[in-house]
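Those protein sequences? They're chains A and B, same order as listed. Position 2 of the first sequence, counted from 1, bears residue number 2 in the numbering used here, the numbering being contiguous throughout. Position 237 of the second sequence, counted from 1, bears residue number 237 in the numbering used here, the numbering being contiguous throughout.
There are 2 protein chains.
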Amino acid sequence: MKKMTIAEVASAAGVSKATISRFLNGNYGKMSADTQERIRQTIQRLNYRPNKQAQMLKTNRSGLIGFIVADMGNLYSSKLLSGASAVARENDYQLVIMESNNSLVSEEDALKKFVDQSVEGILIQPISEDSSRYESVGKRCPMVLVDRQTTPKTWPAVIVDNALSTKYLAEYIVKKGYSKIAIFSESLTTDVRRKRYAGMREVAKEHSLESELVEVGNLQLTNTYSDMKKRVSELVSEDEKIAIFASNSQTLLMVLRILDDLRIKIPDEVGVSGYDDWNWAFLAQPAITSIEQNASDVGAEAMRMLLADIDPLRESVKETKVIPSKINIRESI
Amino acid sequence: MKKMTIAEVASAAGVSKATISRFLNGNYGKMSADTQERIRQTIQRLNYRPNKQAQMLKTNRSGLIGFIVADMGNLYSSKLLSGASAVARENDYQLVIMESNNSLVSEEDALKKFVDQSVEGILIQPISEDSSRYESVGKRCPMVLVDRQTTPKTWPAVIVDNALSTKYLAEYIVKKGYSKIAIFSESLTTDVRRKRYAGMREVAKEHSLESELVEVGNLQLTNTYSDMKKRVSELVSEDEKIAIFASNSQTLLMVLRILDDLRIKIPDEVGVSGYDDWNWAFLAQPAITSIEQNASDVGAEAMRMLLADIDPLRESVKETKVIPSKINIRESI
DNA sequence: TTGTACGCGTTATCAA
DNA sequence: TTGATAACGCGTACAA
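Given below as structure tokens:
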């Protein structure tokens with residue numbers, strides 16, 4: 001079952017290669033219905049499929065989109081992929097992926113490989129915050145940043161809102177009559193953590209609520225647990241109506257375990273909310289009011305922007321698009 | 001900054017295309033050190049990169065591996081990808097991914113697209129259990145099944161051990177002196193669930209331990225929680241030393257919440273263990289003894305088998321390879 | 001309405 | 001030790 005070529009099909013159908021090619025590309029402007037039919041049947045009969053490599057060489061199109069993901073080992077990134085993949089498929093592009101493993105050299109290598117492959121566009125979850133790192137590639141082929149924006153904002157990007165949704169949740173907490181918000185977060189070393197913290201804090205201030213940052217240590221260390229436990233019990237013994245906000249899934253899980261451990265009732269004694277990066281918060285008892293990032297929408301939208309950028313017909317909008325997060329109002333606050 | 005071609009490099013270096021090509025492919029058998037150096041410098045200076053499409057057309061190699069993953073929206077699948085991706089990269093292959101979304105037509109479409117792209121090999125997490133579905137493709141290009149074996153065992157596959165590791169954990173439970181094992185599982189409709197259940201049950205029988213299947217309903221329904229809660233409290237009131245085994249992450253999480261809810265001490269009043277598909281069980285208090293599947297190893301090993309299958313030099317072993325799971329012995333049992 | 005002939009950028013064979 | 005040159009499979013002016 002060796003590979004058919006256009007020439008064989010042509011001679012089998014009794015026409016020339018050109019006619020077959022025209023047929024394949026839908027250029028049957030002035031092709032007799034008769035030949036069309038004959039070609040269709042021959043192709044079917046011989047089970048012929050055009051050779052993409054040759055087509056690519058000729059047309060200088062690869063049909064490939066490259067996606068560099070920072071770390072595939074978490075649900076968030078894989079949902080980015082999933083969203084992007086679906087849109088790529090709808091538009092008949094193939095998605096090629098590489099992992100940068102949060103390493104700059106690995107990222108650079110991946111970019112080079114993509115350029116070599118002559119992908120038609122690149123989606124990247126950038127490691128660096130420095131826009132200039134991506135210049136050489138970004139000028140050579142369309143590129144959209146995913147999940148993170150770099151400075152200055154040279155490149156189009158699709159990101160998740162961290163400040164906005166946090167604020168929205170904060171407003172909700174205020175409305176519920178809490179008098180203090182305790183923000184549990186790992187050390188504020190990343191932009192994401194800072195934004196989540198800032199959003200919560202800002203709204204608290206606006207409504208003159210007290211807010212407190214509880215910085216949690218390395219979650220894998222055992223003494224982190226006891227430290228947190230101590231802080232939590234101090235907190236709830238205060239004479240305030242307290243709402244806890246955990247700024248990621250792991251921290252949230254930890255907080256819940258501690259509250260159970262201390263036999264503290266949610267939401268009677270303390271309100272609980274947080275970011276649910278893994279989509280499990282609905283399983284808790286009571287179900288946790290949480291912010292859920294729509295990673296697959298981010299991936300999908302980024303791919304749409306990229307495709308618009310590739311398509312010479314469509315006007316490409318080079319902007320930073322923010323995808324709203326979902327706020328799941330449940331029983332815990 | 002338009003694309004250089006080999007011809008331009010050749011004339012710039014004052015040699016012929018052939019010599020450049022030889023240089024590029026490392027065939028400097030009888031090339032003067034002088035020309036080698038001159039070519040090296042010219043390539044560098046012009047920043048020349050060979051056109052992969054042309055190379056592919058000529059050599060009939062695409063350098064592409066296709067991976068069809070059933071559903072990218074879960075951690076397990078994304079780790080499969082991650083493992084496969086790393087190995088592909090080491091061997092200078094590009095990974096193209098498509099999602100079958102657990103749909104047979106979608107899977108078939110993806111397979112077709114891969115064949116059209118002339119990928120050199122296919123990794124697939126098959127939807128169907130029927131081997132014959134994959135015949136037409138599997139005969140045309142190397143293929144390795146990932147995560148699932150089909151019947152009859154026509155294709156090489158890399159799967160995770162569900163029976164073995166469960167048995168191993170069961171032995172451990174026996175050794176710890178428990179007198180009864182309660183197996184919490186969703187309805188035994190999949191092979192995976194059946195194997196996990198069977199492994200546990202078999203060992204229990206061997207040691208004449210009592211074992212009981214507690215079938216849990218849809219985890220998203222609220223009454224599932226109360227039903228489970230009832231079953232759990234009945235269980236612990238029995239006059240036995242009971243170990244609970246939850247056959248997946250969600251069930252395990254549910255069991256933990258219930259035990260907390262009922263103020264039942266782990267492991268004093270009841271032992272707890274289970275499958276930890278999301279790698280969070282270490283966060284619980286006490287940390288949970290659990291089975292952790294090494295999905296990224298599965299992906300990596302599958303890719304290795306596939307590459308061996310592609311490489312005409314290496315002998316390809318068409319077998320079903322089972323990757324052992326990790327058993328994390330912690331405090332909960 | 002269809003066919004001829006050339007070129008896309010490589011690799012590889014043969015000759016020098 | 002290197003250079004001409006013919007493919008690889010397809011698309012497309014241009015000619016018919």
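Beta carbons: idealized from backbone N, C-alpha and C, even for Gly.
Residues that residue i contacts on chain A, provided the C-beta gap is smaller than 7 Å
i	result
V96(B)	Q94, L95, V96
S128(B)	The contacting residues do not exist; S128(B) stays about 20 Å from chain A at best.
S82(B)	M72, G73, E99
Residues that residue i contacts on chain B, provided the C-beta gap is smaller than 8 Å
i	result
A86(A)	E99
Y225(A)	Q285
Interface residues of chain B facing residue i [CB-CB closer than 7 Å]
i	result
K52(A)	D116, Q117, S118
D261(A)	Q285
M143(A)	Those within 7 Å of M143(A) in chain B number zero; the least Cβ separation is about 15 Å.
M56(A)	Q53
W280(A)	L253
S187(A)	Within 7 Å Cβ-Cβ: nothing; S187(A) doesn't reach chain B, min ~18 Å.
S325(A)	The contacting residues do not exist; S325(A) stays about 17 Å from chain B at best.
R89(A)	M98
Of the listed residues the options, nearest to residue i (C-alpha basis)
i	options	result
R133(A)	K153(A), S118(A), G121(A)	K153(A)
N328(A)	A33(A), E292(A), M305(A), R314(A)	E292(A)
D130(B)	T224(B), Y28(B), L104(B)	L104(B)
Q117(B)	S62(B), A157(B), T224(B)	S62(B)
E331(B)	A295(B), D268(B), E120(B), Y275(B)	D268(B)
T251(B)	A281(B), V232(B), S179(B), F184(B)	F184(B)
N102(B)	R140(B), D71(B), D92(B)	D71(B)
L256(A)	G274(A), K241(A), E240(A)	G274(A)
N162(A)	S82(A), M200(A), W278(A), M143(A)	M200(A)
S100(B)	V192(B), I258(B), F114(B), R45(B)	F114(B)
A18(A)	A12(A), G29(A), I6(A)	I6(A)
K3(B)	W280(A), K195(A), S32(A), C141(A)	C141(A)
A300(A)	A86(A), K175(A), K139(A)	A86(A)
Y178(B)	V232(B), T189(B), A204(B)	A204(B)
V160(B)	S226(B), Q220(B), D191(B), M143(B)	D191(B)
W280(A)	A302(A), L253(A), S165(A), D297(A)	L253(A)
Where residue i falls, given that 16 or more other Cβ within 10 Å makes a residue buried
i	result
G14(A)	exposed
V216(A)	buried
D276(A)	buried
V317(A)	exposed
L209(B)	buried
E90(A)	exposed
R22(A)	buried
R40(B)	exposed
T320(A)	exposed
Q285(A)	buried
K167(B)	buried
N218(B)	exposed
N60(A)	exposed
R45(B)	exposed
L145(B)	buried
A33(A)	exposed
Y289(A)	The sequence shown places Thr at residue 289(A), not Tyr. So T289(A) ends up on the buried side.
P312(A)	exposed
E120(B)	buried
K52(B)	buried
K195(B)	buried
Proximal residues of chain A, C-beta to C-beta of residue i below 8 Å
i	result
K79(B)	M72, G73
R49(B)	V115, D116
Beta-carbon separation (whole angstroms), residue i vs residue j, contact threshold 8 Å
i	j	result
I310(B)	V272(B)	No, I310(B) and V272(B) are not in contact; Cβ-Cβ is about 45 Å, not under 8 Å.
A54(B)	L57(A)	5 Å
A246(A)	I173(A)	Going by Cβ atoms, the distance from A246(A) to I173(A) rounds to 13 Å, so no, they are not a contact pair.
N294(B)	S325(B)	6 Å
A110(A)	L95(A)	Actually they are not in contact, since the Cβ atoms of A110(A) and L95(A) sit about 14 Å apart, beyond 8 Å.
E107(B)	I68(B)	6 Å
I258(A)	M228(A)	6 Å
Contacts that residue i makes with chain B (C-beta to C-beta distance below 9 Å)
i	result
R257(A)	L256, D260, L283, A284, Q285
Contacts that residue i makes with chain A (C-beta to C-beta distance below 9 Å)
i	result
S62(B)	K52, Q53
Closer than 8 Å is the cut-off here; do at least three beta carbon pairs connect the region 141-155 of chain A with the region 119-126 of chain A? Segment contact: the region 141-155 of chain A against the region 119-126 of chain A, three or more CB-CB distances shorter than 8 Å; contact assigned.
May I ask you to verify whether the region 253-264 of chain A touches the region 235-247 of chain B, counting CB pairs closer than 8 Å and requiring at least 3? Flag = no, the region 253-264 of chain A and the region 235-247 of chain B do not touch.
So does the region 72-82 of chain A actually touch the region 74-82 of chain B, counting three or more Cβ pairs closer than 8 Å? yes
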